[in-house]
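Input: a single structure, listed below in structure tokens.
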Amino acid sequence: IPEGIPCVGLPLRPAGRFDQLWSDLQACTPIQDQPKPAADQLCTIIYTSGTTGTPKGVMHNFSNFAFGASRGIELFGVAEEDRMLSYLPLCHVAERMFVEMTSFYGGSTIFFADSLDTFLEDLKRARPTVMFGVPRIWTKFQMGVYARMPAARLDRLLKLPLIGRMVGRKVLAGLGLDAVRYALCGAAPVPEALLKWYQRLGLDLFEVYGMTENCGYSHVCRPGKRRHGWIGQPCTDVEVRIADTGEVQVRSGATMQGYYLEPEKTAETLTTDGFLRTGDKGEQDAEGNLRLTGRIKEIFKTSKGKYVAPAPIENLLGAHSKIEQVCVVGDGMPQPMALCVLSEGARKELANGTRVELEGSLKALLEAVNAQLDKHERLLGIVLVKDIWAIDNGFLTPTLKIKRSVVEGAYAANFTGWMERREPVLWHE
């Protein structure tokens, strides 16, 4: 924390410099005659993640936040006895709405993660009853479990009727997730295999769908109503329509007022009748469940004139235990390729052995994925890049989303050479 920034020491605080303690503030007389803001008064500006361009400042008024928070606690049944862990940055709309605002409205107890190094211990200390995580967080938990117990052995144990339940409970307790009654996952596509893995442990992950532009309040999967491959139904008081272009458009009291100082972009994003153009392509079933089929801005055209949506392909590849991050590229290329970052477990195995077994596993993955794709979508190969994509080196946004333009730009000079080699698994040396 920079010098000069006042620091307040909360209970269970680590050692450090604090100007005041929480107990001191509690003893103070509350400020009198606090002005009540108008419902249409600007409450906050939250910037978008900037995965496809310059971040935009999303303006929300107090009514937007009140709408999303009040309906959210009703939807998830959040109450005073609930516990949550705050770990995402406050620039993330999920942290603002799911943790900050629901604690204001529901009175739940909030625990804080001190650092990345203490995250697991902080989670076990909090034992949250309601937990939100982006897919990468849930994948990290899974990789941590596999680091202690090989995937094949754990999967065998989980299949045993009585022992499987005991093992699942023990694994969840080791992660600090044994008290969770509502586990939510969103902000990026969630691999189906990951949902099923947690289900075998005894924890149902429910997908949520939303954007900074609507306070993250749009769709959620309800208990007992899951349909594999579909996100869920609209949240309370959310209107949904699919435009002629296939774009998902939503409208509710949580819809933004516009982009800060960008009226042109606001006009591009909000329809004249108040619907938010999400930029996502999707479809609805008869019960209102939503399935996303790709981001409009992410869809690229190959040199053969065929359009490819990368997200569904990335979802299939990302389900593999050896792959931590993936970005499918192919704009102007004959066939798409997948740029992949190996999981931590795979990197450790590689350090202690050869590439032969890993390459064989990924070659089988490539064949299995391509068998599910149309001819023009099939991947030419999997490229294992040497970089670890992180926030610090600019590959990820602060909300852990991959910056596609940065990833493509970093490896573009190699694309032609990789295509000419036509190997199923390539290494970025």
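The working numbering numbers the first residue of the sequence shown as 80 and each following residue consecutively. Where a beta carbon is used, it is the ideal one built from N, C-alpha and C, also for glycine.
| Item | Value |
| --- | --- |
| Which listed residue (Ala491, Val287, Glu326, Leu236) has its alpha carbon closest to that of cysteine 314 | Val287 |
| Contact the stretch 343-355 vs the stretch 154-170: 3+ CB pairs below 8 Å | no |
| Cut-off 6 Å between Cβ atoms - residues of its own chain near glycine 473, not counting five sequence neighbours on either side | Val485 |
| Residues near glycine 332 in its chain [Cβ-Cβ closer than 6 Å; skip 5 each side] | Phe146 |
| Among Arg301, Trp506, Met138, Phe354, nearest to phenylalanine 155 - alpha-carbon criterion | Arg301 |
| heavy atom of the ligand PLP below 7 Å from isoleucine 124 C-beta | The ligand PLP is absent from the structure shown, which contains no ligands of any kind. |
| Own chain residues within Cβ distance below 8 Å of aspartate 257, not counting five before or after | Arg206, Arg248, Leu251 |
| Nearest residue (CA-CA) to leucine 492, options His507, Arg501, Thr478, Lys482 | Reading off the sequence shown, one finds alanine at residue 492, where the question assumed leucine. Here the closest residue by C-alpha is His507. |
| Integer-rounded CB distance, given that leucine 273 should sit under 8 Å from alanine 388 | About 20 Å separates the two Cβ atoms, so there is no contact after all. |
| Collapsed DSSP secondary structure at valine 246 in the structure displayed | helix |
| Boundaries of the beta strand (DSSP E) in which serine 165 is found, first to last residue | 162-165 |
| First through last residue of the alpha helix (DSSP H) which encompasses aspartate 103 | 101-105 |
| Whole-Å CB distance - valine 172 paired with threonine 357, under 8 Å assumed | Rounded, the Cβ-Cβ distance is 14 Å, inconsistent with contact. |
| Isoleucine 80 versus cysteine 170: straight-line alpha-carbon distance, rounded | 17 Å |
| Threonine 123 versus aspartate 471 - alpha carbon distance | 26 Å |
| Rounded separation between valine 319 and valine 329 - CA only | 5 Å |
| Nearest-angstrom Cβ-Cβ length linking isoleucine 509 and leucine 237, presumed shorter than 8 Å | Absent from the model: residue 509. The displayed extent of the chain is 80 to 508, so no value can be given. |
| Limits of the beta strand (DSSP E) - the one that arginine 150 falls within | No beta strand (DSSP E) holds arginine 150; the alpha helix (DSSP H) holding it covers 141-155. |
| Glycine 303 in three-state terms, based on DSSP | coil |
| Identified DSSP bridge partners for lysine 203 | According to DSSP, which records beta bridges pairwise, lysine 203 is partnered with nothing at all. |
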